[in-house]
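Chemist: Take this structure, written in structure tokens, and hold onto it; I'll ask about it next.
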Amino acid sequence: MDLVAAAPEVLLGYAAEHLAEWPDALRRSTPDAAVPAWWPLVRVLDGSDRKLRVNGLAAWLNPAWLGPLTGLDLSQNRLDATALLALLAAPTDRLSALDLSKNALGAAGVDALLSAPCPWPLETVRLAWCKLKAEDVAR
65 MDLVAAAPEV LLGYAAEHLA EWPDALRRST PDAAVPAWWP LVRVLDGSDR
115 KLRVNGLAAW LNPAWLGPLT GLDLSQNRLD ATALLALLAA PTDRLSALDL
165 SKNALGAAGV DALLSAPCPW PLETVRLAWC KLKAEDVAR
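First residue of the sequence shown? That's 65 in our numbering, and the numbers climb one at a time after it.
Have a look at this one:
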């Protein structure tokens, strides 16, 4: 195949075919202002250390960004329980790994995680350095 002369959709198909066997953790990218054409190839959104808070997070909680993702790294973003509730209501059904490390979630964040309906097949949730006490997580 002449990749130089190929149309963008042919190139994306070629890339998708070859990336299909890669582990999701290696198919990682950071978001930009607009959703690029190659975004469906990404499996992990690296949104770490963006100082998002709840308002910045809202821009990413749409199907165009979340659709292909199986992992979401939101570590070190100053997120709180309110942001976590918005995240748990996000329109995605494939998310299996969520990193919320270094956010000030506290007991309210744990309550949100345990009480909010979550349609995702979550297997891993990282909560390191989230201002949690032993009694917050011993439920």
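We put the CB at the ideal spot given by N, CA and C, even for glycine.
Beta carbon of Ser-112, beta carbon of Leu-138: below 8 Å?
Modeler: In this structure, Leu-138 lies closer than 8 Å to Ser-112 by Cβ.
Chemist: Count the C-beta pairs between the segment 74-94 and the segment 118-125 that are closer than 8 Å, then say yes if the count reaches three, no if not.
Modeler: Not touching, per the Cβ criterion.
Chemist: Suppose the cutoff is 6 Å on Cβ atoms and the five residues either side in sequence are ignored; what does the same chain contact list for Thr-156 look like?
Modeler: Once the five neighbours on either side are set aside, the close Cβ partners of Thr-156 are Leu-130.
Chemist: Among residues of its own chain, excluding the 5 on either side of Leu-143, which ones have a beta-carbon nearer than 6 Å to its beta-carbon?
Modeler: Around Leu-143: Asn-167.
Chemist: Quick one: residues in its chain with C-beta nearer than 7 Å to the C-beta of Asp-110, no 5 flanking neighbours on either side, listed in chain order?
Modeler: The residues are Arg-92, Ser-93, Thr-94, Asp-137.
Chemist: Just mark Asn-141 as buried or exposed, buried being the case when its beta carbon has 16 or more other beta carbons within 10 Å.
Modeler: Classification for Asn-141: buried.
Chemist: If we require 4 or more residues per run, which alpha helix (DSSP H) segments fall completely within the segment 104-129?
Modeler: List check, alpha helix (DSSP H) in window: 117-122.
Chemist: Please classify Val-106 as buried or exposed, where buried requires at least 16 neighbouring CB atoms within 10 angstroms.
Modeler: Looking at its Cβ environment, which holds 16 or more other Cβ atoms inside 10 Å, Val-106 is buried.
Chemist: What residue from Pro-183, Leu-186, Ser-179, Ala-171 has the CA that sits closest to Lys-197's CA?
Modeler: Of the candidates Pro-183, Leu-186, Ser-179, Ala-171, the one whose C-alpha sits nearest the C-alpha of Lys-197 is Ala-171.
Chemist: What are the start and end residues of the alpha helix (DSSP H) that includes Asp-163?
Modeler: Unbroken run through Asp-163 is the beta strand (DSSP E), 161-163; no alpha helix (DSSP H).
Chemist: Would you report the Cα separation of Leu-162 and Gly-77, rounded to the nearest angstrom?
Modeler: Computed Cα separation, rounded: 28 Å.
Chemist: Per DSSP, Ser-93 forms a beta bridge with which residues?
Modeler: Its beta-bridge partners are Leu-109.
Chemist: Along the beta strand (DSSP E) that carries Asp-26, what are the first and last residues, could you check?
Modeler: With the chain represented from 65 up to 203, any question about residue 26 goes unanswered, as that position is not in the structure.
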